[in-house]
Amino acid sequence: MNYIKFSVSYNENRLCTELEGVLKEKWPLHFNTRDFNGDWRSISLRSASGESNDIYAHANGAYKNTPVLARMPYVKEILDAWNCEKEAIRLLSLAPGSVIKPHKDPGCAYRDGTFRIHIPIITNPGVYFTIADEKLQLLAGECWYMDFSAMHSIVNLGNTSRVHLIMDGIRNSWTDRLFAAHGYNLSEKSTTESYDAATKARMIEELEKMNTEAARNLIAGLKGEK
Numbered sequence: 157m158n159y160i161k162f163s164v165s166y167n168e169n170r171l172c173t174e175l176e177g178v179l180k181e182k183w184p185l186h187f188n189t190r191d192f193n194g195d196w197r198s199i200s201l202r203s204a205s206g207e208s209n210d211i212y213a214h215a216n217g218a219y220k221n222t223p224v225l226a227r228m229p230y231v232k233e234i235l236d237a238w239n240c241e242k243e244a245i246r247l248l249s250l251a252p253g254s255v256i257k258p259h260k261d262p263g264c265a266y267r268d269g270t271f272r273i274h275i276p277i278i279t280n281p282g283v284y285f286t287i288a289d290e291k292l293q294l295l296a297g298e299c300w301y302m303d304f305s306a307m308h309s310i311v312n313l314g315n316t317s318r319v320h321l322i323m324d325g326i327r328n329s330w331t332d333r334l335f336a337a338h339g340y341n342l343s344e345k346s347t348t349e350s351y352d353a354a355t356k357a358r359m360i361e362e363l364e365k366m367n368t369e370a371a372r373n374l375i376a377g378l379k380g381e382k
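Below you can see the structure in the form of structure tokens.
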């Protein structure tokens, strides 16, 4: 399953009100400049260092809430309702005319033990999300899971920035029940099983730099394959 639109939705006005003050902060440009054209920026609500401008992976696997999250009580309420361990939580802004190029994020799939949730806060009719050749429009206040190990891209053809709340979580029995209730097949095998030796070696090298629980689980799976 490449995506899930969850049945829950959130209050767009409350999200926008809390976002308004945060937009005045300095948002670092996304570090992965190979994967986009235009302007793609991020600010952290939960990071390895606890700093809002920390959008990188760190050797320390412990994640901490940042001062920005403390200013967003409704967002914190939303996040706390997800009964799972959380790693990076960010706000990502994609400026008008910007494109996130087609790419894959190996290991970023629910069957691999981790998942990424998107909650649009500000969007427009010109924002399109394409995953595995299927074009989607995510509306403000909705809640989506995407399998980012599949080929995906985003384009903002509108006149306003697109801002999403994005949460990285660790799979557990609570999330299993939630995903299964939305049609996810819990018996899906890990995507890591399909990679060749050279690809696995590169993945392990990158995952070791992250040193998070999810990364360590993926490394163990990769190294355990014959």
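To convert, count from 1 in the sequence shown and add 156; that's the numbering used here.
Glycine included, every Cβ here is placed at the ideal spot set by N, Cα and C.
- For G177, the enclosing alpha helix (DSSP H) has its first and last residue at E168 to V178.
- As summarised for the stretch 243-271, the continuous beta strand (DSSP E) elements at least 3 residues long and confined to that stretch are 255-259, given in chain order.
- In the DSSP assignment, V164 is bridged to no other residue.
- DSSP assignment within the stretch 271-358 yields the following whole beta strand (DSSP E) runs of 3 residues or more, N-terminal first: 283-287, 290-292, 300-302, 308-312 and 318-326.
- Check the Cα spacing between R246 and each of A265, L225, P229 and G253: the tightest is with L225.
- Contact between L250 and P276 fails: their C-beta atoms lie close to 11 Å from each other, not under 8 Å.
- With the rule of 3 Cβ pairs closer than 8 Å, the stretch 286-303 does not count as touching the stretch 197-207.
- In this structure, V319 lies away from I256, with their beta-carbon atoms at least 7 Å apart.
- Between M307 and P258, the CB-CB gap stays under 7 Å.
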